[in-house]
Amino acid sequence: MDVVTAFLNGTVTGMILIYAPEGSGFPPGTILRLRKALYGLKQAPREWYSLLHKELTSLGFKRLANDNAVYIRTLPGSDSSSQYISVYVNNLVIFTKNESEISSIKASLHNEFNMTDLGEVNHYLGMRVRRDYTRRVIYLDQESYVNDILERFSMQDCKPVNTPMDQTKLEPYKVENTKTSPNPQEGEYHEIVGSLMYLMICTRPDIAVAVTSASAATTLPFTDT
Numbered sequence: 001m002d003v004v005t006a007f008l009n010g011t012v013t014g015m016i017l018i019y020a021p022e023g024s025g026f027p028p029g030t031i032l033r034l035r036k037a038l039y040g041l042k043q044a045p046r047e048w049y050s051l052l053h054k055e056l057t058s059l060g061f062k063r064l065a066n067d068n069a070v071y072i073r074t075l076p077g078s079d080s081s082s083q084y085i086s087v088y089v090n091n092l093v094i095f096t097k098n099e100s101e102i103s104s105i106k107a108s109l110h111n112e113f114n115m116t117d118l119g120e121v122n123h124y125l126g127m128r129v130r131r132d133y134t135r136r137v138i139y140l141d142q143e144s145y146v147n148d149i150l151e152r153f154s155m156q157d158c159k160p161v162n163t164p165m166d167q168t169k170l171e172p173y174k175v176e177n178t179k180t181s182p183n184p185q186e187g188e189y190h191e192i193v194g195s196l197m198y199l200m201i202c203t204r205p206d207i208a209v210a211v212t213s214a215s216a217a218t219t220l221p222f223t224d225t
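Oh and the sequence shown: position 70 is 70 in the UniProt record's numbering, straight run, nothing missing.
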C-alpha cells in the first residue's frame with residue numbers, strides 16, 4: 001500500500017508563518033499561517049508519522065517496542081491470528097494469514113488516506129520477494145542491489161569466489177598513519193563498506209565477518225608507500 005502525497009496529510013502543531021506564494025491570489029507580501037504540512041518542511045515527516053501512528057492505534061494495532069516501524073494486532077477469538085503492518089515512510093506492507101482481514105485493513109486505511117494498492121509485494125526496500133506456495137516458503141534476495149553495487153564501483157568483471165573472505169587465520173596487525181594528505185579513494189571505500197553493510201543486514205548474514213573486518217579499516221583504508 002502506498003499513501004499518495006503522505007506528508008501533506010500531517011497537521012502542523014506549531015506556529016509557522018509563510019509568505020503567500022505567487023499565483024495564490026493574495027497581495028504581494030501577504031503572510032499566512034501554515035495549518036497543514038508541506039514537502040520540504042522539516043516537521044513534515046514527523047507529523048506524518050504521528051498521524052499514521054494515531055490511525056493505526058485507533059484500529060487496534062500496537063507498535064513494537066523494539067521496532068517502531070512494525071505494528072501488530074491480535075483480534076479476540078480462538079481462530080484469529082496476529083496481523084502485522086510494516087511501515088517505511090508512506091509504504092505499508094500488511095501481513096496476515098486471512099485474505100479477508102487484509103481487505104478489511106485496506107478498507108479502513110482507505111477511509112483515512114488516499115492510497116494506491118500495489119498488490120502482492122514483489123520488491124521492498126531493495127529486496128526481491130519470491131514465494132513457493134507449494135513448499136510454503138518465502139525467499140528474499142538482493143540480486144539487483146548487488147548488480148548495482150558492482151556497476152557503481154566498476155566491478156562487473158570481478159571474479160566470484162565461494163567464501164566471503166580468505167579462510168586462513170587472520171593475524172592482528174598495526175598500521176602507522178604516515179599520510180600527509182587525504183586519499184581521494186577513502187570516500188569510495190566508505191561507500192563500498194556501507195553498501196555491503198546493508199546487504200549483510202537484510203539478506204546476507206554470511207558475509208558479516210568479512211564486512212566487519214573491512215569496516216575495521218575505514219579510518220585508514222589506504223597507506224602511503
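We treat Cβ as the ideally placed atom computed from N, Cα and C, and that holds for glycine.
In this text the structure is predicted, and so the values were computed from the model without any measurement.
- By the C-beta criterion, the region 26-37 is judged not to be in contact with the region 58-71, since fewer than 3 inter-stretch pairs fall below 8 Å.
- Remark: C-beta atoms of residue 6 and residue 66 do not approach each other more closely than 8 Å.
- Nearest to residue 121 by alpha-carbon distance, out of 94, 134, 146, 105, is 94.
- Under DSSP, residue 67 forms a beta bridge with 64.
- The beta carbon of residue 97 sits closer than 6 Å to those of 81, all from its chain and outside the five residues before and after it, given in chain order.
- With contacts defined by Cβ atoms closer than 8 Å, residue 193 and residue 218 form a contacting pair.
- Non-local beta-carbon contacts of residue 139 in its own chain, meaning distances under 6 Å to residues more than five positions away in sequence, involve 130 in chain order.
- One alpha carbon belongs to residue 198, the other to residue 211, and they sit about 10 Å apart.
- In this structure, DSSP gives residue 30 a state outside helix and strand, which the three-state scheme calls coil.
- For residue 93, the uninterrupted beta strand (DSSP E) run begins and ends at 91-95, by DSSP.
- Taking the Cα positions, residue 206 is about 20 Å away from residue 158.
- A straight-line Cα-Cα distance of about 15 Å links residue 21 and residue 41.
- In the displayed model, residue 81 falls within coil according to three-state DSSP, outside both helix and strand.
- A distance of 8 Å or more separates the beta carbons of residue 14 and residue 44.
- With respect to residue 88, residue 125 sits close: the two C-beta atoms are nearer than 8 Å.
- For the pair residue 73 and residue 64, the Cα-to-Cα distance works out to about 10 Å.
- DSSP, reduced to helix, strand and coil, places residue 200 within a helical segment of the structure shown.
- Non-local C-beta neighbours of residue 70 in its own chain, meaning closer than 8 Å and more than five positions away in sequence, comprise 63, 64, 84, 85, 86, 87, ordered along the chain.
- Per DSSP, the beta bridge partners of residue 116 are 2.
- For residue 148, the uninterrupted alpha helix (DSSP H) run begins and ends at 143-152, by DSSP.
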